[in-house]
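Enquirer: Dropping the structure in here first, questions after.
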Amino acid sequence: MINKIFNSPAEAVEDIFDGATILISGFGEVGSPIELIHALIDKGVKNLTVVSNNTGSGYIGLAALIENKQVKKVICSFPKTANSVVFPELYSKGEIELELVPQGTLAERIRCGGAGIPAFYTPTSVGTILADGKEKRIINGKEYILEHAIKGDFALVKCLKADRYGNLVYNKTARNFGPIMCAAAKTTIVQAKQIVDVGDIDPEVVVTPGIFVQRVVSVPNPLEESVLIAENRRYPWN
Amino acid sequence: MINKIFNSPAEAVEDIFDGATILISGFGEVGSPIELIHALIDKGVKNLTVVSNNTGSGYIGLAALIENKQVKKVICSFPKTANSVVFPELYSKGEIELELVPQGTLAERIRCGGAGIPAFYTPTSVGTILADGKEKRIINGKEYILEHAIKGDFALVKCLKADRYGNLVYNKTARNFGPIMCAAAKTTIVQAKQIVDVGDIDPEVVVTPGIFVQRVVSVPNPLEESVLIAENRRYPWN
Amino acid sequence: MELKITGWDMNLVAQKIANDIPDGSYVNLGIGIPELVANHIPNGKEIIFHTENGLLGMGPQPEPDKIDPELINAGKKSVSAIPGACYFHHADSFMMIRGGHIDYCVLGAFQVSQEGDLANWSTGEPNSVPAVGGAMDLVAGVKNVFVITTHLTKKGEPKIVKECTYPLTGKNVVNKIYTNLAVIEVIDKKLFVLEMAPGVEFNFLQSVTEAELHTKT
Amino acid sequence: MELKITGWDMNLVAQKIANDIPDGSYVNLGIGIPELVANHIPNGKEIIFHTENGLLGMGPQPEPDKIDPELINAGKKSVSAIPGACYFHHADSFMMIRGGHIDYCVLGAFQVSQEGDLANWSTGEPNSVPAVGGAMDLVAGVKNVFVITTHLTKKGEPKIVKECTYPLTGKNVVNKIYTNLAVIEVIDKKLFVLEMAPGVEFNFLQSVTEAELHTKT
Numbered sequence: 005m006i007n008k009i010f011n012s013p014a015e016a017v018e019d020i021f022d023g024a025t026i027l028i029s030g031f032g033e034v035g036s037p038i039e040l041i042h043a044l045i046d047k048g049v050k051n052l053t054v055v056s057n058n059t060g061s062g063y064i065g066l067a068a069l070i071e072n073k074q075v076k077k078v079i080c081s082f083p084k085t086a087n088s089v090v091f092p093e094l095y096s097k098g099e100i101e102l103e104l105v106p107q108g109t110l111a112e113r114i115r116c117g118g119a120g121i122p123a124f125y126t127p128t129s130v131g132t133i134l135a136d137g138k139e140k141r142i143i144n145g146k147e148y149i150l151e152h153a154i155k156g157d158f159a160l161v162k163c164l165k166a167d168r169y170g171n172l173v174y175n176k177t178a179r180n181f182g183p184i185m186c187a188a189a190k191t192t193i194v195q196a197k198q199i200v201d202v203g204d205i206d207p208e209v210v211v212t213p214g215i216f217v218q219r220v221v222s223v224p225n226p227l228e229e230s231v232l233i234a235e236n237r238r239y240p241w242n
Numbered sequence: 005m006i007n008k009i010f011n012s013p014a015e016a017v018e019d020i021f022d023g024a025t026i027l028i029s030g031f032g033e034v035g036s037p038i039e040l041i042h043a044l045i046d047k048g049v050k051n052l053t054v055v056s057n058n059t060g061s062g063y064i065g066l067a068a069l070i071e072n073k074q075v076k077k078v079i080c081s082f083p084k085t086a087n088s089v090v091f092p093e094l095y096s097k098g099e100i101e102l103e104l105v106p107q108g109t110l111a112e113r114i115r116c117g118g119a120g121i122p123a124f125y126t127p128t129s130v131g132t133i134l135a136d137g138k139e140k141r142i143i144n145g146k147e148y149i150l151e152h153a154i155k156g157d158f159a160l161v162k163c164l165k166a167d168r169y170g171n172l173v174y175n176k177t178a179r180n181f182g183p184i185m186c187a188a189a190k191t192t193i194v195q196a197k198q199i200v201d202v203g204d205i206d207p208e209v210v211v212t213p214g215i216f217v218q219r220v221v222s223v224p225n226p227l228e229e230s231v232l233i234a235e236n237r238r239y240p241w242n
Numbered sequence: 009m010e011l012k013i014t015g016w017d018m019n020l021v022a023q024k025i026a027n028d029i030p031d032g033s034y035v036n037l038g039i040g041i042p043e044l045v046a047n048h049i050p051n052g053k054e055i056i057f058h059t060e061n062g063l064l065g066m067g068p069q070p071e072p073d074k075i076d077p078e079l080i081n082a083g084k085k086s087v088s089a090i091p092g093a094c095y096f097h098h099a100d101s102f103m104m105i106r107g108g109h110i111d112y113c114v115l116g117a118f119q120v121s122q123e124g125d126l127a128n129w130s131t132g133e134p135n136s137v138p139a140v141g142g143a144m145d146l147v148a149g150v151k152n153v154f155v156i157t158t159h160l161t162k163k164g165e166p167k168i169v170k171e172c173t174y175p176l177t178g179k180n181v182v183n184k185i186y187t188n189l190a191v192i193e194v195i196d197k198k199l200f201v202l203e204m205a206p207g208v209e210f211n212f213l214q215s216v217t218e219a220e221l222h223t224k225t
Numbered sequence: 009m010e011l012k013i014t015g016w017d018m019n020l021v022a023q024k025i026a027n028d029i030p031d032g033s034y035v036n037l038g039i040g041i042p043e044l045v046a047n048h049i050p051n052g053k054e055i056i057f058h059t060e061n062g063l064l065g066m067g068p069q070p071e072p073d074k075i076d077p078e079l080i081n082a083g084k085k086s087v088s089a090i091p092g093a094c095y096f097h098h099a100d101s102f103m104m105i106r107g108g109h110i111d112y113c114v115l116g117a118f119q120v121s122q123e124g125d126l127a128n129w130s131t132g133e134p135n136s137v138p139a140v141g142g143a144m145d146l147v148a149g150v151k152n153v154f155v156i157t158t159h160l161t162k163k164g165e166p167k168i169v170k171e172c173t174y175p176l177t178g179k180n181v182v183n184k185i186y187t188n189l190a191v192i193e194v195i196d197k198k199l200f201v202l203e204m205a206p207g208v209e210f211n212f213l214q215s216v217t218e219a220e221l222h223t224k225t
């Protein structure tokens, strides 16, 4: 029998290892799997490479993981947001690496990681410093650069509903990087607000097919990053 | 106001021109936009390049378009099916060109056509005659070949429901090539079993966002190819 | 340089853009001043707004009691979804952008060059954290790239320059520049003044523009 | 060559494959004989069948009154969808295949070489219409490629050969070969016999196999 449901975030992240590449869903706090990230902080592995659109806010979730010195490098498109303090400080001190990637290129590199496409040509960033050192190629008279797929050892993803097969649906713009990250990681760990019976999700509306998901954990009342930041909370809890 | 709804298949295909590249949805007859194809037969343009997974059955739909000598070349993965007679005959006489493409490569080339990705590397067909003459490249120790995007001047697609914005949902495995073809053509023409009001399709379950669709036409009772073939029907109607 | 002429209010500039975008267009608005454009769509014109974080058919900020914290725009502000909207993931969202499906984007600028190069993501300061977001994807893929900006920086330096000194977002990508002083079109790597704010004359406009300006005659 | 020994029935061969595929696997079955595997999944084992035309969680052929003509498998036969199934488009479907997400595929063969090359899409006859479908994608992407085939052709020629004479589907892609006479594993470009049908001895098996066979000792 297929049962991808794990009992707790701690159990679900138990085998994440030092030096792993981890894809983390979310656009800002929306779609960010805070409980899974906090479980990873509790666990305490180091030298992680994190692939995520942003670098977190305040001292909660992704920012707290970085503050806890567990992250060696981030691959992202927008490493600062309104309440972003941790990453900018470490970056200015040279204590964390950054690979800056245009958002659409980041998304496509992740999708290709899941699709078995090792590399592709794109017009994005041609003529800019982000194309420096990249292979250029003229195709049908237009210039493109070569970009490579991104794959993760693990993905941490947040969704709305999941079943024991790992079929997922999301809520509104919290979908963002979730579906492509699920497919691009060897082991995809998902926190779901709701676990439903197999068959409850209409086959026509499944967004992430279960084949892309290895573990599901129930987090019925996920924390809201911005609420915690407004309350000056930190993780580990202050 | 946005209103992509056209009055008839004839009106919707009116500006398709000689020599156009046309993407046609369907896996066998399932998802094949027969009424749009028949409108194209009525119109009578020639020298078309057709991109479709198969080449049609009997003398209905895509097979009838080919039988009517309107197609110069087909790009497909499987040009013969149980009741496929027209294409094999023309092909054996050298009267139609064939570009044979592995099915997944065909799908990815079409997706890339819609995604602004001009070319990509793939492991599929490495070491086979379908890789002959294609650029080879070793990436991370594994061999890949370069494949290029496919774009259409037009796409003819069948779906279940559409609204006046062009948002679409499909029925079961009739989805197949529809969504990626919609995005890969300059002008995408869709026949829908049902036209619904804007807002009737839940934003979470739209499969093809309206931005990828230019024209929608209502075909509430589409013909069933296999039923017509069993009755020895041909188009133009015998 | 201090301007005696303030020209158009930026809301009026946004309104000009809203008037120039045809009915039925798919439009992506950058964060900040470009968002003003959404407030000025004329009645009867149906414009579909795309936000790259996965929504086509973005509507205005909702009433406080209607806010869903998981429904935001690219600027991470709460928005709504119009009837006929749809949600999708990031790869599909940038398929719309890179694939040339978005008709217009409206972006802010640090600098625009006379050949239509755009610099709007980094001042290149060594200690700042670089952040590019979706800007490079938008200028590479969207059919028409409109820039909305004040004509001069806060320090009074020209933003429309011979060559951008800040890192580029894209080369030869800008189609039109809307400032408080003028509307300028980029045609074949030259800048043509289409309209000037009341009280602005060509010679004055050229004097506050480093790039060479032309008139359509 | 005419065989005195018919070996296992192909249903029994399919059953062996069904037994060898672990619980919880994602499996794609080729058209024809490979489809037999679905009939032999042991009770209690949950296997999810993928069909490349856009369905994960394919179930058996439905009762005539439950048939939806728009629900078919890759062989274009009517099928059903199990609870927990999902539909998707062709690019997503081949993302599952090419991206290494499918655990097992079971395919027919014209020939398998002793290095694990597979030829199963074309006999190379000059006047035939070539048709490849998803075969090349499957062998390039699926984690374990199983072949189910009769040991000899209808004409009595070996199908397990030193080098394929028919056009290849892929090079070094086959993991296991299941025939009516034996189960053979490909390890480091060599063929190892794992099991033989009742009455089949190694020397006999080698005599009807062009490729060199080995035993695991």
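Residue numbers (the working numbering), protein chains in the order written: chain L, 5 to 242; chain G, 5 to 242; chain U, 9 to 225; chain S, 9 to 225.
Don't be surprised by glycine CBs; every beta carbon is placed ideally from N, CA and C.
1) Please determine if the segment 121-131 of chain L and the segment 134-150 of chain U are in contact, where contact requires at least 3 C-beta pairs separated by less than 8 Å.
2) Between A187 of chain L and G142 of chain S, is the Cβ-Cβ spacing less than 8 Å?
3) Which same chain residues end up closer than 8 Å to T158 of chain U when comparing Cβ atoms and leaving out the 5 residues on each side of it in sequence?
4) Is Y174 of chain L closer than 8 Å to V211 of chain L when the C-beta atoms are compared?
5) For the segment 178-209 of chain U, which residues have a beta carbon sitting closer than 7 Å to at least one beta carbon of chain L?
6) Can you have a look at G156 of chain L and say buried or exposed, based on whether 16 or more other CB atoms are within 10 angstroms of its CB?
7) What are the residues of the segment 59-76 of chain L that lie near chain U, defined by any Cβ-Cβ distance shorter than 7 Å?
8) Using DSSP bridges, identify the partner residues of A89 of chain S.
9) Nearest-angstrom Cα distance between A68 of chain G and E220 of chain S?
10) For A189 of chain G, which residues does DSSP report across the bridge?
11) Give a yes or no on whether 8 Å exceeds the smallest Cβ distance from V120 of chain U to chain L.
12) Going by C-alpha distance, which of L:G35, L:I26, L:F21 is nearest A196 of chain L?
13) N51 of chain U and D111 of chain U look like a contact to me (Cβ under 8 Å); what is the Cβ gap, rounded to whole Å?
14) By the three-class DSSP mapping on this structure, what secondary structure does G141 of chain S have?
15) Less than 8 Å between the C-beta atoms of T109 of chain G and L176 of chain S, yes or no?
16) Where G3 of chain L and M104 of chain S are concerned, what is the direct C-alpha to C-alpha distance, given to the nearest angstrom?
17) Using a Cβ-Cβ cutoff of less than 6 Å, which residues in the same chain neighbour F91 of chain L once the five nearest sequence positions on both sides are dropped?
18) Should E133 of chain S go down as buried or exposed, given a rule of 16 or more other Cβ atoms within 10 Å for buried?
19) Quick check on the burial criterion: 16 or more other C-beta atoms within 10 angstroms. Buried or exposed for I176 of chain L?
20) Pick out whichever of G:L150, G:E18, G:S61, G:G23 has its Cα sitting closest to the Cα of I38 of chain G.
21) Please report whether the beta-carbon of Y83 of chain L lies at a distance below 8 Å from any beta-carbon of chain S.
22) Counting only Cβ-Cβ distances shorter than 9 Å, please list the residues of the segment 125-139 of chain G near chain L, keeping chain order.
23) Note down, in chain order, each residue of its chain lying with its Cβ closer than 7 Å to the Cβ of G117 of chain L, except the 5 sequence neighbours on either side.
24) Taking just the CA atoms, how far does L115 of chain S sit from E171 of chain S?
25) Name, please, each residue of chain L whose Cβ falls closer than 8 Å to the Cβ of H64 of chain S.
26) Would you mind reading off the limits of the alpha helix (DSSP H) that contains E71 of chain G?
27) For chain G, find out if any of its Cβ atoms is closer than 8 Å to the Cβ of V153 of chain S; answer yes or no.
28) Give every residue of the same chain whose Cβ lies closer than 6 Å to the Cβ of Q198 of chain G, excluding the five residues on either side of it in the sequence, and list them in chain order.
29) Are A26 of chain U and T59 of chain U closer than 8 Å when you measure CB to CB?
30) Kindly list the residues whose CB is nearer than 6 Å to the CB of E43 of chain S, restricted to its own chain and excluding five residues on each side of it in sequence; keep chain order.
31) May I ask you to list the residues that DSSP assigns as paired with E220 of chain S?
32) Quick one: residues in its chain with C-beta nearer than 6 Å to the C-beta of G65 of chain L, no 5 flanking neighbours on either side, listed in chain order?
33) When you compare only the Cα positions, how much space is there between D22 of chain L and V140 of chain U?
34) Of the residues G:R179, G:I114, G:N171, which one's Cα is nearest the Cα of I9 of chain G?
35) Are the C-beta atoms of S96 of chain L and some chain U residue less than 8 Å apart?
Expert: So, from the data block:
1) The segment 121-131 of chain L makes contact with the segment 134-150 of chain U, as at least three CB pairs between them are under 8 Å.
2) Position 183 of the first sequence, counted from the first residue, corresponds to residue 187 of chain L. Position 134 of the fourth sequence, counted from the first residue, corresponds to residue 142 of chain S. Here A187 of chain L is not near G142 of chain S, since their CB atoms are 8 Å or more apart.
3) Here residue 158 of chain U refers to the residue found at position 150 of the third sequence. Correct list, in chain order: M18, K167, T187, N188.
4) As a first step, residue 211 of chain L must be located in the first sequence, where it is residue number 207. As a first step, residue 174 of chain L must be located in the first sequence, where it is residue number 170. Yes, the Cβ-Cβ distance between V211 of chain L and Y174 of chain L is below 8 Å.
5) Under the 7 Å Cβ criterion, the segment 178-209 of chain U contributes G178, K179.
6) Counting from one through the first sequence, the residue named residue 156 of chain L turns up at place 152. Looking at its Cβ environment, which holds 16 or more other Cβ atoms inside 10 Å, G156 of chain L is buried.
7) Closer than 7 Å at the C-beta level to chain U, one finds no residue of the segment 59-76 of chain L.
8) If you number the fourth sequence from 1, residue 89 of chain S lands on position 81. S:M66.
9) The residue labelled residue 68 of chain G in the question sits at position 64 within the second sequence. The residue labelled residue 220 of chain S in the question sits at position 212 within the fourth sequence. Answer to the nearest angstrom: the Cα atoms are 50 Å apart.
10) In the second sequence, counting from the first residue as 1, residue 189 of chain G sits at position 185. Paired residue(s): G:G156.
11) Locating residue 120 of chain U in the third sequence gives position 112, counting from the first residue. Not an interface residue.
12) Stepping through the first sequence from its first residue, residue 196 of chain L is reached at position 192. The shortest C-alpha separation from A196 of chain L is found at L:G35.
13) Taking the first residue of the third sequence as position 1, residue 51 of chain U is located at position 43. Taking the first residue of the third sequence as position 1, residue 111 of chain U is located at position 103. At roughly 20 Å, the Cβ-Cβ gap does not stay under 8 Å, so N51 of chain U and D111 of chain U are not in contact.
14) As a working note, residue 141 of chain S is residue 133 in the fourth sequence. If DSSP states are grouped into helix, strand and coil, G141 of chain S belongs with coil.
15) Reading the second sequence from its first residue, position 105 is the one you call residue 109 of chain G. Reading the fourth sequence from its first residue, position 168 is the one you call residue 176 of chain S. In this structure, L176 of chain S does not lie closer than 8 Å to T109 of chain G by Cβ.
16) Missing from the structure shown is residue 3 of chain L; chain L here goes from 5 to 242 and no further.
17) Locating residue 91 of chain L in the first sequence gives position 87, counting from the first residue. Counting only Cβ-Cβ distances below 6 Å, and skipping sequence neighbours, we find T59, I70, P83.
18) Walking along the fourth sequence from the start, residue 133 of chain S turns up at place 125. Exposed is the call here.
19) To locate residue 176 of chain L, count along the first sequence from 1; it is residue 172. Before going on, a small fix: residue 176 of chain L reads as Lys here, not Ile. Its Cβ being crowded by 16 or more others within 10 Å, K176 of chain L is buried.
20) Counting from one through the second sequence, the residue named residue 38 of chain G turns up at place 34. Comparing Cα positions, the closest option is G:S61.
21) By one-based count along the first sequence, residue 83 of chain L stands at place 79. According to the sequence provided, residue 83 of chain L is Pro. The question's Tyr does not apply to it. False, the Cβ-Cβ gap to chain S never drops below 8 Å.
22) Y125, T126, P127, T128
23) Residue mapping note: residue 117 of chain L aligns to position 113 of the first sequence, counting from 1. Cβ neighbours of G117 of chain L beyond the five flanking positions: A153, I154, K155, A188.
24) For the purposes of this step, residue 171 of chain S is taken as the residue at position 163 of the fourth sequence. For the purposes of this step, residue 115 of chain S is taken as the residue at position 107 of the fourth sequence. So the alpha carbons of these two residues sit roughly 19 Å apart.
25) To locate residue 64 of chain S, count along the fourth sequence from 1; it is residue 56. Residue identity check: residue 64 of chain S is Leu in the sequence provided, not His. Within chain L, the residues near L64 of chain S are P213, G214, I215.
26) The count along the second sequence starts at 1 and reaches residue 71 of chain G at position 67. 66-71 is the span of the alpha helix (DSSP H), which, as asked, contains E71 of chain G.
27) Within the fourth sequence, numbered from 1, the residue matching residue 153 of chain S stands at position 145. No, V153 of chain S lies away from the interface with chain G (no Cβ there is under 8 Å from its Cβ).
28) Numbered from 1 along the second sequence, position 194 holds the residue referred to as residue 198 of chain G. Its chain contains K165 as the residues whose beta carbon lies nearer than 6 Å to that of Q198 of chain G, once the 5 sequence neighbours on both sides are disregarded; these appear in chain order.
29) Position 18 of the third sequence, counting from 1, holds the residue named residue 26 of chain U. Position 51 of the third sequence, counting from 1, holds the residue named residue 59 of chain U. In this structure, T59 of chain U does not lie closer than 8 Å to A26 of chain U by Cβ.
30) As a position in the fourth sequence, residue 43 of chain S is number 35, starting the count at 1. Hits under 6 Å: L37.
31) Along the fourth sequence, read from residue 1 onward, the residue named residue 220 of chain S stands at position 212. DSSP, once it has assigned bridges, lists no residue as partnering E220 of chain S.
32) By one-based count along the first sequence, residue 65 of chain L stands at place 61. Here the set comprises S36, I38, I41, E229.
33) The residue you call residue 22 of chain L lines up with position 18 of the first sequence. The residue you call residue 140 of chain U lines up with position 132 of the third sequence. The straight-line gap from Cα to Cα measures roughly 29 Å.
34) In the second sequence, the residue the question calls residue 9 of chain G occupies position 5. Among G:R179, G:I114, G:N171, the Cα nearest to that of I9 of chain G is on G:N171.
35) Within the first sequence, the letter at position 92 stands for residue 96 of chain L. Answer yes: the Cβ-Cβ gap between S96 of chain L and chain U drops below 8 Å somewhere.
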